[in-house]
Structures are given as structure tokens and as C-alpha cells.
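If you count by our numbering, then the sequence shown holds residues -1 to 202, one letter each, in order.
Written out below as C-alpha cells is the structure these notes cover.
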Amino acid sequence: MKVHVIGAGNVGGNIIRALAHANHTVTIGVRNPDKVSDLLTETGATVSQSAEGVDVVISTIPSAAAQDLLPTLGLAGKVVIDASNPLGWEGGPVHNPPEGFTSGAARLQALLPDAYVIKAFNTFGAEHSLITASAERPLDHLFAGDNAEAKATVSKLLSSLNMRPIDLGPLRNAATLEHLAVAWIHLAMPAGWGRGIQLAVLGG
Ligand SMILES: NC(=O)c1ccc[n+]([C@@H]2O[C@H](COP(=O)([O-])OP(=O)(O)OC[C@H]3O[C@@H](n4cnc5c(N)ncnc54)[C@H](OP(=O)(O)O)[C@@H]3O)[C@@H](O)[C@H]2O)c1
-1 MKVHVIGAGN VGGNIIRALA HANHTVTIGV RNPDKVSDLL TETGATVSQS AEGVDVVIST
59 IPSAAAQDLL PTLGLAGKVV IDASNPLGWE GGPVHNPPEG FTSGAARLQA LLPDAYVIKA
119 FNTFGAEHSL ITASAERPLD HLFAGDNAEA KATVSKLLSS LNMRPIDLGP LRNAATLEHL
179 AVAWIHLAMP AGWGRGIQLA VLGG
């Protein structure tokens, strides 16, 4: 697939590496291209400020920044994955969604009415995207969104990254995924389990 990743920090960088590992064609949208020159060499990705012609856009910039930037990018008709978590920190993570919305993703969808917003890549540590690429066991990857076709595309993309896509239903459940991020971060950090932990769905 052709995938445009916005942001190349901890989350974006690891997703870009995993996408390259799976032979996807990757473009990167960053405000400071000099910062990603090593990543471009490593992955074969290219910098682009446009998402024209891509199958999927993955936004890995902070929630508030995504709400400012994405409406300027002409994303009508695009599948837009939101990996951000609108969080504060009070001795541990606290969910802090935009006023009037239950989740950052819901606010993003309101700002991008003609795009198909999917919440994904937000319930595990950034490094897991890359670790999973060569792991024996696929990563359970919960996602949520309203459009069936967009979800089918995202499922296919996640499967190609050695992830098991688990559909958590409509985009209103993005709030649940952002709360699960609180759970992951709390366990990994304040509770001391470490960043190696993963949330999994067992049985069934
Ligand atoms: N870290 C994790 O393990 C993890 C896991 C799941 C979800 N998340 C969520 O994912 C988001 C990103 O986390 P991260 O750890 O990847 O952060 P990060 O390492 O600080 O990277 C943030 C990226 O966003 C860009 N950015 C920041 N503000 C921007 C703006 N106003 N306009 C355009 N680009 C901007 C940065 O560009 P510059 O380099 O130019 O500053 C950088 O590429 C957060 O919402 C976080 O809660 C994080």
C-alpha cells in the first residue's frame, strides 16, 4: 500500500520502519525534513507534504497538533488513522479529551467530515510496532472507526505488519481505546511493569 505518515517521532519513526520492513511505499510529512534524513536512508521513505494518491494516512503527531494541521491537508475521502492520545500527567496518565468530545479521534472526525477516521496504534508503546515486525506472535491491535471499507483497509494494513486486527466497533469507542492507552501507560510506568507489556484479547 501507499502510506503517508505524519510525524516521525517515537510513534511515527517505528511505524515507518515497520511499514518499510513490510515493503509498503511510505511518504513522511514532517515540519523539519532535516531531522529525518537518517530515517529516509534507513527505510527508503521520502518526504512529502501531500497525501495525494495514498491509500492510508497515519497521523502520529500530538492530538492538539493533529486537530490544527490535518484539516489543512485536503484529506477528503482518505482513510486517516489517529495514533495520538490526548493525555495529561498527574503522577500517572490522565485522559484529557478536547472540550465537548469524548475522544481526540471524535474531535478529529468532526474536523474532517469527509475523511474516514480510525483510531489505532495508540494502545501500546511506540517501539512495539517495530518489535512486532519480527516477532513470533502477532500483536493484538485494537482499532475503532465508523466506515466498514476503511476498516477493511486498515485490517489489511495491520495484518501485513504482523498484527492481529481487532475491530472494537464504531468511532465512539475511540474513547475506550484512549482509556486503554491510560491503562497501558499506567501499568508500564507508574505501576512498574515496564514498556514490554502488551494488552491482549484471549479466549473466544
Ligand atoms: N510514545 C509512545 O509510546 C506512544 C504510543 C502510542 C501513542 N502515543 C501518542 O502518539 C503521539 C506522538 O507521540 P510520540 O511519542 O511519537 O511523540 P514525539 O516522539 O515527540 O513525536 C512527535 C512528532 O510530532 C511532530 N509534531 C509535534 N508537534 C507538531 C506540530 N504542532 N505540527 C507538526 N508536527 C508536530 C514532531 O515533530 P518535530 O520533530 O518537528 O518536533 C514529531 O515528529 C502522542 O499523542 C502520544 O500520546 C505515544
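Positions of the beta carbon are idealized from the N, C-alpha and C atoms, including for glycine.
Computed from a prediction, not measured in an experiment: that's the story for all the values here.
Integer Cβ distance of residue i from residue j, believed to fall under 8 Å
{"i": "isoleucine 56", "j": "isoleucine 79", "result": "4 Å"}
{"i": "threonine 130", "j": "leucine 137", "result": "4 Å"}
{"i": "glycine 90", "j": "histidine 184", "result": "5 Å"}
{"i": "valine 1", "j": "valine 52", "result": "6 Å"}
{"i": "alanine 113", "j": "lysine 76", "result": "5 Å"}
{"i": "isoleucine 14", "j": "valine 3", "result": "5 Å"}
Ligand 1 heavy atom lying under 6 Å from the CB of residue i
{"i": "isoleucine 56", "result": "no"}
{"i": "alanine 63", "result": "yes"}
{"i": "glycine 192", "result": "no"}
{"i": "valine 9", "result": "yes"}
{"i": "leucine 67", "result": "yes"}
{"i": "proline 60", "result": "yes"}
{"i": "serine 82", "result": "yes"}
{"i": "alanine 6", "result": "yes"}
{"i": "arginine 29", "result": "yes"}
{"i": "glycine 86", "result": "no"}
{"i": "glycine 90", "result": "no"}
{"i": "alanine 205", "result": "Since the first and last residues shown for the chain are -1 and 202, residue 205 lies out of range."}
{"i": "alanine 189", "result": "no"}
{"i": "arginine 123", "result": "Arginine is not the amino acid found at residue 123; the sequence shown has glycine there. Yes, the beta carbon of glycine 123 sits closer than 6 Å to at least one heavy atom of ligand 1."}
{"i": "asparagine 21", "result": "no"}
{"i": "asparagine 120", "result": "yes"}
Rounded straight-line distance, which links the Cα of residue j to that of residue i
{"i": "phenylalanine 122", "j": "leucine 38", "result": "24 Å"}
{"i": "glycine 194", "j": "alanine 186", "result": "8 Å"}
{"i": "asparagine 8", "j": "methionine -1", "result": "22 Å"}
{"i": "alanine 198", "j": "glycine 10", "result": "22 Å"}
{"i": "proline 95", "j": "leucine 67", "result": "17 Å"}
{"i": "alanine 172", "j": "glutamine 196", "result": "18 Å"}
{"i": "aspartate 36", "j": "serine 127", "result": "19 Å"}
{"i": "glutamate 40", "j": "serine 132", "result": "17 Å"}
{"i": "proline 31", "j": "alanine 81", "result": "21 Å"}
{"i": "leucine 203", "j": "proline 84", "result": "Any answer about residue 203 is impossible in this case: the structure gives the chain only from -1 up to 202."}
{"i": "proline 111", "j": "tryptophan 182", "result": "30 Å"}
{"i": "alanine 6", "j": "valine 152", "result": "20 Å"}
{"i": "threonine 70", "j": "leucine 200", "result": "41 Å"}
{"i": "tryptophan 191", "j": "lysine 149", "result": "32 Å"}
Chain E within 7 Å of residue i, Cβ atoms only
{"i": "alanine 64", "result": "Looking at the structure shown, chain E is missing, and only one protein chain is on hand."}
Give the list of continuous beta strand (DSSP E) stretches no shorter than 3 residues that lie fully inside the region 57 to 137.
77 to 80, 85 to 87, 91 to 93, 114 to 117
Please list the segments of the beta strand (DSSP E) lying wholly inside the region 135 to 192, counting only runs of 3 or more residues, in order along the chain.
137 to 143, 161 to 165
Within 8 Å, do at least three Cβ pairs link the region 140 to 158 to the region 106 to 120?
yes
Are the region 145 to 162 and the region 43 to 51 touching, with three or more C-beta to C-beta distances below 8 Å?
no
May I have a chain-ordered list of the alpha helix (DSSP H) segments no shorter than 4 residues that lie completely inside the region 11 to 48?
35 to 41
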